[in-house]
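First comes the structure, then the notes that go with it.
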Amino acid sequence: MTTACASFDHLSDQDLLREVACLAACEREATACLIASLAELDARRLYLAEGCASLFTYCVAVLRLSEHAAYDRIEVARAARRFPVILEQLWAGAVTLTTIRLLAPHLTDANHAALLAEARHRSRRDVEQIVARLQPQPDVPSVVRKLPTPAPPDAASATQGRASREHMTDEGEAQRGTATSAETSVPPAPAPTRPAVVAPLAPARYKVSFTISAETYAKLQEAQALLRHVIPDGDPGVIFDRALALLVAECARTKHAATDRPKQGRGTAPGSRYIPAAVKRTVWVRDGGQCAFVSASGRRCLERGFLEFHHRRPYAKGGEASVDNLELRCRHHNAYEAVRDFGPRHVTRVREMAPVFGASLHVTRFETSLAQSSRQPVSASQIGLYQMSPSTTRASP
Numbered sequence: 018m019t020t021a022c023a024s025f026d027h028l029s030d031q032d033l034l035r036e037v038a039c040l041a042a043c044e045r046e047a048t049a050c051l052i053a054s055l056a057e058l059d060a061r062r063l064y065l066a067e068g069c070a071s072l073f074t075y076c077v078a079v080l081r082l083s084e085h086a087a088y089d090r091i092e093v094a095r096a097a098r099r100f101p102v103i104l105e106q107l108w109a110g111a112v113t114l115t116t117i118r119l120l121a122p123h124l125t126d127a128n129h130a131a132l133l134a135e136a137r138h139r140s141r142r143d144v145e146q147i148v149a150r151l152q153p154q155p156d157v158p159s160v161v162r163k164l165p166t167p168a169p170p171d172a173a174s175a176t177q178g179r180a181s182r183e184h185m186t187d188e189g190e191a192q193r194g195t196a197t198s199a200e201t202s203v204p205p206a207p208a209p210t211r212p213a214v215v216a217p218l219a220p221a222r223y224k225v226s227f228t229i230s231a232e233t234y235a236k237l238q239e240a241q242a243l244l245r246h247v248i249p250d251g252d253p254g255v256i257f258d259r260a261l262a263l264l265v266a267e268c269a270r271t272k273h274a275a276t277d278r279p280k281q282g283r284g285t286a287p288g289s290r291y292i293p294a295a296v297k298r299t300v301w302v303r304d305g306g307q308c309a310f311v312s313a314s315g316r317r318c319l320e321r322g323f324l325e326f327h328h329r330r331p332y333a334k335g336g337e338a339s340v341d342n343l344e345l346r347c348r349h350h351n352a353y354e355a356v357r358d359f360g361p362r363h364v365t366r367v368r369e370m371a372p373v374f375g376a377s378l379h380v381t382r383f384e385t386s387l388a389q390s391s392r393q394p395v396s397a398s399q400i401g402l403y404q405m406s407p408s409t410t411r412a413s414p
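Once you know that position 27 of the sequence shown is 44 in our numbering, the rest is easy, because the numbers rise by one and skip nothing.
Listed below in structure tokens is the structure:
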């Protein structure tokens with residue numbers, strides 16, 4: 018069976034980009050039409066004649082939408098019936114279904130135009146900030162609680178298993194013994210943990226919730242004891258803030274040589290890969306701590322994570338570690354330009370290795386490899402056992 022993807026093989030890169038943009042526009046058009054149709058279908062209650070007690074049931078059982086997709090589209094359809102301008106903005110791609118779902122409970126005749134204009138082309142995080150401003154929530158208390166241990170296997174299943182084993186033959190019994198010994202050698206699966214949550218409560222106020230291990234909880238208790246004269250109530254949120262301040266300062270020092278007392282940099286030998294601390298600081302400030310890759314259409318990459326120092330003129334071609342020749346690149350764009358400069362078959366990854374916290378700024382290590390660096394697996398003992406909800410933190414100005 019030939020897949021639809023095979024039809025794109027004959028397209029050039031530019032043709033494929035145009036095709037994808039066209040398909041995305043068609044999807045937006047189809048979504049807007051579906052939302053408008055659902056709004057009218059809901060108003061006429063046509064789902065009742067189709068044997069469904071609600072529009073949600075109709076969307077899931079008849080239209081075969083997922084529960085999440087059905088919920089989003091119903092909420093947006095009902096909001097669009099109140100404010101038809103939503104359909105135009107969905108069609109144009111100015112807002113998304115998630116944006117409208119978040120704003121829908123707060124839209125009124127008086128504010129809908131201003132809120133929709135403010136939410137144009139905004140991310141979910143940005144829209145959540147708008148919602149927090151419209152409906153601020155009170156601060157949450159700091160809470161640390163022990164998570165429950167995983168439930169034991171179902172007793173009924175174990176009983177059925179014992180009953181079935183009584184009827185096994187000698188051969189089957191031997192096989193069962195081998196399988197049992199193999200199973201006992203496998204370590205038990207760690208208990209599932211809840212994902213970390215960062216949610217805005219009000220302007221400049223956030224709720225943070227995450228799971229920590231027993232070892233981390235012991236460190237928290239030690240920090241509470243050491244800081245009791247400064248933080249009498251041992252508020253984890255305050256300790257969390259102080260720890261982050263130290264961590265950010267340390268990471269900035271090791272990543273781009275940030276310091277309040279810059280010193281005269283030492284010279285570098287010709288052809289050296291070493292990037293002076295003063296050059297790192299200047300490049301980081303100039304590029305704003307953001308990937309400086311700019312596309313042919315003028316779009317700059319917005320990535321601020323996994324940043325590396327990129328030689329505009331490659332080091333292998335005589336490029337120097339100077340301010341004029343260095344720019345910040347995210348890992349993906351740094352690799353992309355390496356392939357562009359050297360080709361896909363002969364490129365080895367040459368990058369500055371991750372700094373060791375506390376190491377001297379004059380020590381710069383590099384690695385060259387053809388393969389991805391491996392990561393050590395996390396042991397079961399490192400899995401979080403405590404649910405931690407620090408007190409609300411204040412956003413930086």
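Built from N, CA and C at the ideal position, the CB exists for glycine as well. Since the structure is predicted, the reported quantities are computational estimates derived from the model, not experimental observations.
Taking the CA atoms as reference points, A219 sits about 19 Å from I117. Remark: C-beta atoms of R142 and T115 do not approach each other more closely than 7 Å. By the criterion of at least three beta-carbon pairs nearer than 8 Å, the segment 251-270 is in contact with the segment 222-242. DSSP places A109 in the uninterrupted alpha helix (DSSP H) bounded by V102 to A109. Around L72, the same chain offers D59, Y64 and I91 as residues with beta carbons nearer than 6 Å, after the five sequence neighbours per side are excluded. Residue range R222 to I229 is occupied by the beta strand (DSSP E) that includes T228. In this structure, the alpha-carbon of Q307 lies about 8 Å from that of W301. When the alpha-carbon of A97 is set against those of R81, L120, V77 and R35, the nearest one is in L120. The alpha-carbon separation between V247 and R346 amounts to approximately 41 Å. Residue burial annotation: H273 is buried, with at least 16 other C-beta atoms found within 10 angstroms of its C-beta. Residue environment for P361: exposed (fewer than 16 other C-beta atoms within 10 angstroms of its C-beta).
Secondary structure at H246: coil, using DSSP grouped into helix, strand and coil. Cβ contact annotation for F25 (same chain, cutoff 8 Å, sequence separation greater than five): L33 and E36, in chain order. In terms of Cβ geometry, N342 and R357 do not form a close pair [threshold 7 Å]. For F310, the secondary structure class from DSSP, reduced to helix, strand or coil, is coil. With contacts defined by Cβ atoms closer than 7 Å, F323 and R348 form a contacting pair.
For A127, there is no enclosing alpha helix (DSSP H), as DSSP gives it neither H nor E. Looking at the backbone, the Cα of V161 and that of S230 are separated by about 12 Å. Counted as a single uninterrupted DSSP element, the stretch harbouring F257 is not any beta strand (DSSP E) but the alpha helix (DSSP H) occupying residues P253 to H273. Rounded to whole angstroms, the separation of the alpha carbons of L40 and H27 is 17 Å. In the three-state reduction of the DSSP assignment, C76 falls in the helix class, which pools H, G and I. Non-local beta-carbon contacts of E67 in its own chain, meaning distances under 7 Å to residues more than five positions away in sequence, involve Y75 and V79 in chain order. For the set A313, L261, T276 and H129, the Cα lying nearest the Cα of Q31 is the one of A313. According to the DSSP assignment, K163 belongs to the beta strand (DSSP E) that extends over V160 to K163. The Cβ atoms of P217 and Q152 lie no closer than 7 Å to each other. The C-beta separation of L132 from A94 comes to about 18 Å, leaving the pair out of contact by the 8 Å criterion. The beta carbon of S83 lies closer than 7 Å to none in the same chain, with the five residues before and after it left out. In the DSSP assignment, L343 is bridged to H328.
Taking a contact as a CB-CB distance under 8 Å, the pair A53 and L104 counts as one, their CB atoms being some 6 Å apart.
Beta-bridge annotation (DSSP): P217 is paired with Y223.
Assignment of beta-bridge partners to R317 by DSSP yields V311.
Straight through space, the alpha carbons of E320 and D277 are spaced by roughly 26 Å. Residues of the same chain with a CB within less than 7 Å of the CB of H350, apart from the 5 flanking positions on each side, are C308, F310 and C318 in chain order. Here V340 has V296, T299, V300 and R303 as same chain residues with Cβ atoms under 8 Å from its own Cβ, once five neighbours each way along the sequence are excluded. Pairing T166 with A213, the inter-Cα distance amounts to about 19 Å.
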